[in-house]
Amino acid sequence: MKFEFKGITAEELSFKLNRVKLNPEEKLDIKPQFSRQVRKVTGNEMLNFIALSVKIQSTEAEPKPFDINVTLVGVFEVTDVKNENEERNFVIEGTKLIYPYLRSAVTSLTANAYIAPLNLPVISGSIFPEDRDVYAFSVDSNLN
């Protein structure tokens, strides 16, 4: 299997400041929620999109100082996919490629809102639990 990263675009970038009063001794728990959607173009099976999203929303039970919703879409050309395992490896590797852009977008969005920038953690493995068992067996690290 081979894949080529063709580009990335922002599908959604939203920020909303919430007027939340927190006690000084309270620790703020942001709890970002990640999601991913993979799509293929009908009529061109080689063209694939991976949409990676992060959402932080305030609730009454868990107030947050802001709400954020960021969705970035990576465009990939994928060739020579022989089986479902290779397709799954592409999704995992594509997600890992898009994630630093997502981190940067969240940091920029919060910094441009004139609040302390939020830096999502660096993740060397997988964001999604369903992807983690892939690393239990050999994964070709020479994916293009």
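First residue of the sequence shown: 7, per the working numbering; consecutive thereafter.
For every residue, glycine included, the Cβ atom is placed at its ideal position computed from N, Cα and C.
If you're wondering where the values come from, they're calculated on a predicted model, not measured in any experiment.
Checklist entry - What residue range is occupied by the uninterrupted beta strand (DSSP E) comprising Ser41? => result Reading the sequence shown from its first residue, position 35 is the one you call residue 41. Gln39 to Val47 is the extent of the beta strand (DSSP E) around Ser41.
Item to check | Phe40 vs Ile133 beta-carbon contact at 9 Å | outcome: Taking the first residue of the sequence shown as position 1, residue 40 is located at position 34. Taking the first residue of the sequence shown as position 1, residue 133 is located at position 127. Yes, these two residues count as a Cβ contact at 9 Å.
Checklist entry - Can you find at least 3 beta carbon pairs, one from the segment 35-55 and one from the segment 71-84, that sit closer than 8 Å? => result yes
Item to check | Residues near Gly49 in its chain [Cβ-Cβ closer than 8 Å; skip 5 each side] | outcome: For the purposes of this step, residue 49 is identified with residue 43 of the sequence shown, where counting begins at 1. There are no such residues.
Item to check | Cut-off 6 Å between Cβ atoms - residues of its own chain near Pro69, not counting five sequence neighbours on either side | outcome: Working through the sequence shown from its first residue, we reach residue 69 at position 63. The answer, listed in chain order, is Val26.
Checklist entry - Excluding sequence positions up to five away, which residues of its chain have a Cβ less than 8 Å from the Cβ of Thr15? => result Start at 1 with the first residue of the sequence shown, and residue 15 comes out as number 9. Counting only Cβ-Cβ distances below 8 Å, and skipping sequence neighbours, we find Leu78, Val79 and Val81.
Checklist entry - Hey, how far is the Cα of Asp137 from the Cα of Pro106? => result One-based indexing of the sequence shown puts residue 137 at position 131. One-based indexing of the sequence shown puts residue 106 at position 100. Computed Cα separation, rounded: 17 Å.
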